[in-house]
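In the numbering used here, the protein residues as written are 17 to 129.
A short worksheet on the structure shown next.
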């Protein structure tokens with residue numbers, strides 16, 4: 017849910033992998049592992065031209081902060097921080113997992129069409 021946004025072609029493969037890993041984790045461990053669970057994805061432009069993306073899980077099993085991150089979440093962090101040169105923050109809220117990503121202004125821009 018958000019404004020129409022275009023990623024440059026070089027950003028599409030790593031960001032696609034990020035979304036795939038988040039969906040896989042949600043299906044295995046999070047909100048999508050239950051019938052009542054859902055995932056909301058929101059994005060919005062920031063004042064500096066960056067794009068903020070929020071992945072929010074609801075209705076899954078009880079959330080417990082892990083002692084360490086598995087391969088999937090480490091991959092998400094690595095792709096956002098090193099391939100996209102963005103920032104990522106992951107939180108294990110009582111209602112569900114939240115992943116907030118910031119894509120730099122040179123990586124994403126609003127579509128003109």
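Note that the Cβ used here is the ideal one computed from N, Cα and C, for glycine as well.
Just measuring C-alpha positions, the residue of 100, 48, 92, 113 sitting nearest residue 23 is 100.
Taking residue 38 as the centre and dropping the five residues before and after it, the same chain places the C-beta of 71, 92, 115 closer than 7 angstroms to its C-beta, in chain order. By the neighbour-count definition (other C-beta atoms within 10 Å, threshold 16), residue 95 is a buried residue.
Looking at the DSSP output, residue 106 shares a beta bridge with 115. With contacts defined by Cβ atoms closer than 7 angstroms, residue 47 and residue 34 do not form a contacting pair. The residues 74, in chain order, have a CB closer than 7 angstroms to that of residue 111 in the same chain once the five nearest residues on each side in sequence are set aside. Taking 8 angstroms as the upper bound for CB-CB distance, residue 88 and residue 40 are in contact here, some 6 angstroms apart.
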